[in-house]
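Student: Residue numbers for the sequence shown follow our numbering, beginning at 401 and rising by one.
Heads up, the beta-carbon is just placed ideally off N, CA and C, and yes, glycines get one too.
So that we are looking at the same thing, I have put the structure below in structure tokens.
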Amino acid sequence: MSFGQPLPVLMYHHISPKPGLVTCSPEHFRAHMQWLAENGWKTLSTDEFTQILATGKVPKKSVLITFDDGYLDNWVYAHPVLKEFGQRATLFLITGWMGEGEVRPHVGQPSVPDVPTHAQAMAAAADGKLDEAFLRWSEVLAMRDAGTFDFHSHTHTHTRWDRQIADQAERDQALADDLAASRATLKTRLGSDSPHLCWPQGYYDAAYQRVARAAGFTHLYTTEHGVVRREVDPGRIPRLVIKDKPAKWFGGRMGLYGRPLLSALYLGLKSGGKGR
401 MSFGQPLPVL
411 MYHHISPKPG
421 LVTCSPEHFR
431 AHMQWLAENG
441 WKTLSTDEFT
451 QILATGKVPK
461 KSVLITFDDG
471 YLDNWVYAHP
481 VLKEFGQRAT
491 LFLITGWMGE
501 GEVRPHVGQP
511 SVPDVPTHAQ
521 AMAAAADGKL
531 DEAFLRWSEV
541 LAMRDAGTFD
551 FHSHTHTHTR
561 WDRQIADQAE
571 RDQALADDLA
581 ASRATLKTRL
591 GSDSPHLCWP
601 QGYYDAAYQR
611 VARAAGFTHL
621 YTTEHGVVRR
631 EVDPGRIPRL
641 VIKDKPAKWF
651 GGRMGLYGRP
661 LLSALYLGLK
671 SGGKGR
């Protein structure tokens, strides 16, 4: 059990007034970000996070905020809050699901678009109606230029190839093609390809890791519960699910996650002694 200075990596998906799976309300998300700002926490850029892992020097009260998938509500509800408090987050995009078109309004502007629940977003994706639920590239660029989000890969198609293809060599090739398309899209759209990859549904195995490293990904993000410390494996970065709870709950959790001994004891107990 490590007692080194921890760095929490927080995981969000939806910020929406419509309750549902993996969803935080705008009121609670704003309370979380306000708590960080008022309590002296620094929200890191992905580059700053990478540098910390490279040096092993973990500053106190540093946190990486991550979002998965690239939902429209990240623009409509999360972006204005991050901008209000001068904070930054990392968003892992399903690059093949982003759309075209003009920037839509966000909170603070008139005619804010309706956003779907998680179930509705998945149904829209299955029906090919991606623009109803996911970001447009114009919105991605607007957030990047505003400094509220950094953007990295969540694959190009969000496919679980282990469930689609039985043959290992064919599966590896399908994953390699998917990752190559994601990196190429990010390069074309944002000017740089990303070495950061978040696994769809948190699934990976040794073959997945091998293919990802061969594709140029050096930092692989999981859904494994834990905090980052200086000895963390960049190929297996743990994250913390953040619930739709008020500032009191959030502050209590950050108080645990940010302290060397308390985080080790708490996370060790939560995982039966197997957590990092």
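1) For the structure I just gave you, are there three or more beta carbon pairs, one from the stretch 415 to 433 and one from the stretch 478 to 494, closer than 8 Å?
2) From the DSSP output, in three-state form, read off T618 for me.
3) Could you check the C-alpha separation between V515 and K461 for me, to the nearest Å?
4) Which class does P638 belong to by DSSP, given the choice of helix, strand or coil?
5) For the stretch 426 to 500, which segments carrying the alpha helix (DSSP H) assignment without a break, of at least 4 residues, lie completely within its bounds, in sequence order?
6) From which residue to which residue does the alpha helix (DSSP H) around L541 run?
7) With respect to the alpha helix (DSSP H) encompassing F650, which residues constitute its N-terminal and C-terminal limits?
8) For W497, which option in E532, A489, K457, A580 has the closest C-alpha, if you only look at C-alpha atoms?
9) Judging by CA-CA distance, which residue of L530, L662, E624, L491 is the nearest neighbour of F549?
10) Out of curiosity, what's the CA-to-CA distance linking D567 and P505?
11) Check the DSSP bridge columns for M411 and list the partner residues they point to.
12) In the DSSP output, what is S553 paired with across the bridge?
13) In this structure, does DSSP put G673 in helix, strand or coil?
14) Let's test the definition: count the other Cβ atoms within 10 Å of the Cβ of S663 and tell me whether it reaches 16, buried, or not, exposed.
Tutor: In brief:
1) yes
2) coil
3) 33 Å
4) strand
5) 426 to 438, 446 to 455, 479 to 484
6) 537 to 546
7) 647 to 657
8) E532
9) L491
10) 46 Å
11) T466, V641
12) L493, L597
13) Confidence in G673 is poor, its pLDDT being 39 and thus under 50, which makes the residue's placement too unreliable to answer from.
14) buried
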